[in-house]
Amino acid sequence: MRVAESLNRALHEVLADDSSVRVLGEDLLDPYGGAFKITKGLSSRFPGQVLATPISENGIVGVAGGLALAGGKAIVEIMFSDFVTLAFDQIVNFASKSVSMYGRPLRLPLIVRCPSGGGRGYGPTHSQSLQKHFIGVPGLAVYEVSPFDDHRELFGEMLARGEPCLLFEDKILYTRQIFEDGIADDLFRYDVLPQAGQVTRVYLEDPEQADCVIIAPGGMAHRALAAMRTLLLEREITCLLLVPRRLYPFDVAPLSPLLERTGAVAVAEESTAGGTWGAEVAQQVHSRLWGRLRRPVSLVHSAASVIPAAAHLERDVLVQDTAIVRAVQELLP
Amino acid sequence: MQEGLLEKITEDLSDDDLGLLLLIRHFERKLLDLFGQGLVQGTTHTCLGQEYVPVALAPLLGERDFVFSNHRGHGHYLARFRDPYGLLAEILGREGAVCGGVGGSQHILSGRYLSTGIQGESLPVAAGVALHLRDAEPGALALAYVGDGTWGQGAVYEALNMAALWRLPLVVVTENNGIAQTTPTSAQMAGTIGDRARAFGCRFLHVGSRDIGEIRDGLRPLFERTREGAGPLVVEFATHRLGPHSKGDDTRTAEEIRRARDHDWYPREGATVSPRFARMDAEARAFVEVVAGEVLGRPLSAREG
């Protein structure tokens, strides 16, 4: 099953299971079913629960916040995650603050889905990975879709959290198959660690045996796997890949034994350079494991650049598997 | 009815309405006094001169209705809950604070009453609440207070568009006091609020009166229509802010301030003209003193959870 189908199926189940959940966004109605078809079929099956909206990101997220405030639950689709900047006020100043600024915990079950990332030639305003701008906001959780996850469970976890959640969905993943039965490909296996909020661990034969740990969110999974394959076959370097379901809050402590064993850690993400999620993770790793690291944590991210539309220029800016290979090689000279 | 207010207050106003008006007036005055003594943290925005708006609206609202307030919301809160202790404790960070002292003057949640500190932010949220009410609790409405300056925010128009499109039970009350912090409305707004509301197909009413009975009679049927599914209603009160924006930041000329005072519902001479007014005025003043003394004697507030 492709990731897009898996997300779509999960949303169908969420709406079927709980009539208080509403899905809002632009162009969601059938037969179109959303720009990436993640909401396809929902409006036909649950007409009262799906609301197609005007082009008003700030307004839509505010309406969703109001629904959640009044006792409902809301899932918003931002057509391209780039547009979530228009809803920054509602996310940062209203929804995330409301859960605690009134002096007592307030439940605000709200998910803002953000199709993100480049690789499709959509150009500078339709290709960004804006996760880093939402890291460290009190009362706001940031998730990223991975091909290893049970997406029904993922939506359930976010709604149960009772605070606003952003869900980044790498658009490239939509067309890829989800991984099943613990098998990533012909070389690598995976399992899910309950620690640190369900981190997927991808390994070659024995998770205890690795030369290096790569921490990367779900949109990076295939590039990380390709890098791991190259490193193994060409350099005989074995990597352990950790894919967190939740990027923030993120506590590296439960993963420390795994990181300590290798002493070599790389963090890979598609956000452009500067003030990144990876830098936050690296800081945590350095604080806990300084002295047991062979080298400073290596950061892999896109260039500090707008994301060009032309394929060859876009490729130069965005993280490729070769960048991960290079980073790991530098960790293990 | 602009100039006949004194008479109305002394003769027609119920004790309940007059008591509430005076409670808000003396609460706000006391707050500025406490500010002067350095007892109020940060900033606070009083509604001096605008008290009659929430007092007029109070009986038009039921328990199931949501009220969204803004930064100038003490009167909105007191008109809904008549709880000066909780509000003052919130502003002073003392035990019994409505929001544990975390929210302060501008960020208050109590039951179906909520204020946010960002201009225009509450309108889309109020539309979302109205959407929920429309489907889950028909007959209830969401009312959002905004100032004239808030009409500069895009969120207002996104919300009005959706509210009109979906025929939401939303009432937007604009307290147009002619000045946004220090910027006169004439320097920050093109066209009119009425034209903007009508452009979205919203029903609109301009209220020049400060006569509480007249305001209620005029608004009651419009509120009912909104409850029945007629879609959003925008009400604009032409009102006057007597005090500064927050504490000592009044840039208006003496003449402008005098003009605002000329429109004040609180007739200083009324205290001598009407025995009832004089008595209730003194009672409200004394009560607020008691509230302030009691709240100031409380320990500092603690935050839940």
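Chain order of the listed sequences is B and U. Once you know that position 84 of the first sequence is 83 in numbering that gives the first Met the number 0, the rest is easy, because the numbers rise by one and skip nothing. Once you know that position 35 of the second sequence is 34 in numbering that gives the first Met the number 0, the rest is easy, because the numbers rise by one and skip nothing. All residues carry an ideal CB built from backbone N, CA and C; glycine is no exception.
Exclusion of the five residues before and after Val-287(U) leaves His-25, Phe-26, Lys-29 as the residues of its chain whose Cβ lies within less than 6 Å of its Cβ. Close to Gly-153(U), with beta-carbon spacing below 8 Å, are these residues of chain B in chain order: Asn-57.
The residue among Asp-11(U), Leu-12(U), Leu-20(U) with its C-alpha nearest the C-alpha of Ala-281(U) is Leu-20(U). Straight-line measurement puts the Cα of Pro-104(B) at about 14 Å from the Cα of Gly-70(B).
In the DSSP assignment, the residues bridged to His-205(U) are Glu-235(U). Per DSSP, the continuous beta strand (DSSP E) segment holding Glu-268(B) begins and ends at 264 to 271. Only residues of its own chain outside the window of five on either side were considered, and among them Arg-8, Ala-9, Glu-12, Val-13 have a CB closer than 8 Å to the CB of Arg-151(B), listed in chain order. Within chain B, the residues Ala-69 have their CB atoms less than 9 Å from the CB of Leu-132(U), given in chain order.
Contacts between Asn-92(B) and chain U, judged by CB atoms closer than 7 Å, involve Ile-117, Glu-120 in chain order.
A residue is called buried once 16 or more other Cβ atoms fall within 10 Å of its Cβ, and Trp-276(B) is buried on that count.
Around the beta-carbon of Gln-208(B), fewer than 16 other beta-carbon atoms lie within 10 Å, marking it exposed. Gly-122(B) is the residue among Leu-231(B), Ala-267(B), Tyr-173(B), Gly-122(B) whose C-alpha sits nearest the C-alpha of Pro-307(B).
Taking the Cα of Cys-113(B) as reference, the smallest distance to any Cα among Phe-178(B), Asn-92(B), His-311(B), Leu-172(B) is reached at Leu-172(B).
Its chain contains Phe-203, Val-233 as the residues whose beta carbon lies nearer than 6 Å to that of Ala-196(U), once the 5 sequence neighbours on both sides are disregarded; these appear in chain order. The C-beta of His-239(U) has 16 or more other C-beta atoms within 10 Å across all chains shown, which makes the residue buried.
Counted as a single uninterrupted DSSP element, the stretch harbouring Tyr-51(U) is not any beta strand (DSSP E) but the alpha helix (DSSP H) occupying residues 51 to 56. Chain order gives no chain U residues near Pro-307(B), where near means a beta carbon separation below 8 Å; the closest approach is about 29 Å.
Ranked by Cα distance from Thr-38(B), the options Val-62(B), Ile-77(B), Asn-57(B), Ala-267(B) are led by Ile-77(B). In summary, no residue of the segment 132 to 165 of chain B has a CB separated from any CB of chain U by less than 7 Å.
Taking Ala-67(B) as reference, the option from Asp-194(U), Phe-276(U), Ala-135(U), Pro-183(U) with the minimal CA-CA separation is Ala-135(U). Per DSSP, the beta bridge partners of Arg-200(B) are Asp-190(B), Leu-241(B). Residues of the segment 206 to 225 of chain B with a C-beta atom less than 9 Å from some C-beta of chain U do not occur.
Boundaries for Thr-173(U): no alpha helix (DSSP H) harbours it, while the beta strand (DSSP E) harbouring it runs 169 to 175, taken from the DSSP string. Taking the Cα positions, Asp-210(B) is about 25 Å away from Glu-179(B). Where Ser-297(B) is concerned, the enclosing beta strand (DSSP E) starts and stops at 297 to 301.
The C-alpha of Asp-248(U) lies about 39 Å from the C-alpha of Leu-109(B). Pairing Gly-138(B) with Ser-80(B) gives a Cβ-Cβ distance that is not under 7 Å.
Only residues of its own chain outside the window of five on either side were considered, and among them Val-201, Tyr-202, Leu-203, Leu-224, Met-227 have a CB closer than 7 Å to the CB of Phe-187(B), listed in chain order.
A Cβ-Cβ separation of about 6 Å places Val-280(B) in contact with Val-251(B) under the 8 Å criterion.
Cβ atoms of Val-22(B) and Ile-74(B) come within 8 Å of each other, at about 5 Å.
In its chain, beyond the 5 residues on either side, Leu-167, Pro-168 have a beta carbon closer than 7 Å to the beta carbon of Arg-133(U).
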